[in-house]
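Remarks on the structure that follows.
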Amino acid sequence: MLRLRCVNSFLRRLLHGGTVNRDRVLEQLQVCSTEEQVFNVVGKNKAKLTVNHVSWAVGMLWQFQKEKPQILRTVELIQSHPQFLTLRVLAENKIAHMNDFMLVDMLYSFLRLNVEPHDSLVQQLVSEAWLRIDRFPMASLSKFAICLSDQHLQNSPLMGHITNIVDQRLLSIDDARILTTLMISVSSLVSPRLRDALINRADHLLDTMDASNYNNPRRVVQFLRNIKHSHRPLLEKCNKILLCNVPRLDASTHLSSVQVVCRDIAGEQTKTRMSMKIFAS
1 MLRLRCVNSF
11 LRRLLHGGTV
21 NRDRVLEQLQ
31 VCSTEEQVFN
41 VVGKNKAKLT
51 VNHVSWAVGM
61 LWQFQKEKPQ
71 ILRTVELIQS
81 HPQFLTLRVL
91 AENKIAHMND
101 FMLVDMLYSF
111 LRLNVEPHDS
121 LVQQLVSEAW
131 LRIDRFPMAS
141 LSKFAICLSD
151 QHLQNSPLMG
161 HITNIVDQRL
171 LSIDDARILT
181 TLMISVSSLV
191 SPRLRDALIN
201 RADHLLDTMD
211 ASNYNNPRRV
221 VQFLRNIKHS
231 HRPLLEKCNK
241 ILLCNVPRLD
251 ASTHLSSVQV
261 VCRDIAGEQT
271 KTRMSMKIFA
281 S
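Per UniProt numbering, residue 1 is the first one in the sequence shown, and the count goes up by one each step.
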């Protein structure tokens with residue numbers, strides 16, 4: 001009987017402890033379905049907000065905007081909300097407590113929510129990312145490179161360092177999305193040797209990816225145009241994938257990629273015919 005009472009007492013403490021340790025603020029954030037609900041949770045729990053709460057809230061604000069058509073986005077309203085300032089201040093104060101994924105995701109979300117590059121929050125996030133950059137996983141490195149491009153830092157020493165990392169780790173990149181995103185970001189800094197290595201890697205990964213992911217070949221085409229380099233076999237591969245996805249393409253944005261590929265291939269064919277005529281004469 002005594003043993004049974006001890007077990008019951010232990011179970012009560014365990015259950016009580018589980019209740020106490022529940023993250024109620026995070027639970028409230030997780031069920032939010034609008035920006036205003038997120039701000040309400042932030043406003044009611046300012047003193048309790050951890051770095052995880054701030055990261056979650058900022059990520060949700062951008063996700064809600066991302067899911068809306070461009071014309072219906074309300075970034076200006078978010079920026080002017082008093083609780084958005086709260087999140088910005090808290091984020092800046094908690095940078096040292098962010099893990100690598102959180103750091104880059106936070107920077108990405110704030111930039112997407114139109115926080116200016118010269119804002120002290122953005123500058124401190126970038127500075128901290130620079131200190132950690134050599135240990136970033138490739139997914140975070142890719143997203144960080146996008147953040148630098150958003151700030152028009154394509155030719156900066158920091159992007160140069162990212163280019164070197166890509167060169168060193170290229171064969172370890174097995175995700176076409178990560179690779180093609182990095183290709184665009186570093187396109188202004190690649191050497192001919194790295195250019196060829198990136199093209200070969202992209203050619204391989206396009207064969208292994210889900211063919212419905214048309215953004216990857218679209219980015220490859222953009223890379224080739226950025227570096228003003230024509231690689232017909234790769235262009236034709238991109239063209240084939242894009243044409244298979246025409247029913248899913250957005251008419252105003254992605255269909256133009258198909259036209260670009262066709263023009264580039266046609267241009268290459270014209271050059272070939274001209275070369276043949278020259279040699280024939």
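Note that CB positions come from ideal geometry on N, CA and C, so glycine has one too.
Beta-carbon contacts of residue i that lie in its chain and below 6 Å, excluding the five residues immediately before and after
| i | result |
| --- | --- |
| Asn226 | Ser187 |
| Ile184 | Arg219, Gln222 and Phe223 |
| His161 | none |
| Gln154 | Ser188 |
Minimum C-alpha distance to residue i - residue among the options
| i | options | result |
| --- | --- | --- |
| Thr208 | Asp175, Asn215 and Asn239 | Asp175 |
| Val54 | Cys244, Val89 and Arg219 | Val89 |
| Leu171 | Arg201, Leu235 and Arg232 | Arg201 |
| Pro247 | Ala96, Glu67 and Asn213 | Asn213 |
| Arg193 | Ala96, Cys32, Leu235 and His229 | His229 |
| Leu148 | Ala47, Gln83, Asn164 and Trp130 | Trp130 |
| Asn93 | Val75, Gln70, Asn216 and Leu121 | Leu121 |
| Lys48 | Glu67, Lys66 and Gln28 | Gln28 |
| Asp100 | Asp23, Ile241 and Val51 | Val51 |
| Glu36 | Arg73, Asn216 and Ile78 | Ile78 |
| Leu235 | Leu206, Asn245 and Asp210 | Leu206 |
| Val190 | Pro233, Asp167, Ile173 and Ala211 | Asp167 |
Supposed close pair residue i, residue j - CB separation, criterion 8 Å
| i | j | result |
| --- | --- | --- |
| Arg112 | Trp56 | In fact, because the Cβ distance is near 16 Å, the residues do not count as touching under 8 Å. |
| Lys237 | Asp203 | 7 Å |
| Val220 | Thr180 | 6 Å |
| Met60 | Val38 | 5 Å |
| Val25 | Asn45 | 5 Å |
| His152 | Ile199 | 26 Å between Cβ atoms; not a contact. |
| Asn216 | Arg177 | 6 Å |
| Ile173 | Ala211 | That belief does not hold up - the Cβ atoms of Ile173 and Ala211 are roughly 19 Å apart, past 8 Å. |
Beta-carbon proximity list for residue i, same chain, < 8 Å, skipping 5 on both sides
| i | result |
| --- | --- |
| Asn34 | Going by the sequence as given, residue 34 is Thr instead of Asn. Within the same chain, Thr34 has close Cβ partners Phe64. |
| Val58 | Leu87, Ala91, Met106, Ser109, Phe110 and Leu113 |
| Ile146 | Tyr108, Thr181 and Ser185 |
| Ile133 | Leu141, Phe144, Leu158, His161, Ile162 and Ile165 |
| Ala96 | Glu128 |
Own chain, CB closer than 7 Å to residue i, minus 5 neighbours either side, in chain order
| i | result |
| --- | --- |
| His81 | Phe39 |
| Ser156 | Leu148 |
| His118 | none |
ask   = Any chance the segment 75 to 87 sits against the segment 123 to 131, with 3 or more Cβ pairs inside 8 Å?
value = no
query = Between the segment 94 to 105 and the segment 137 to 146, do at least 3 Cβ pairs fall closer than 8 Å?
reply = yes
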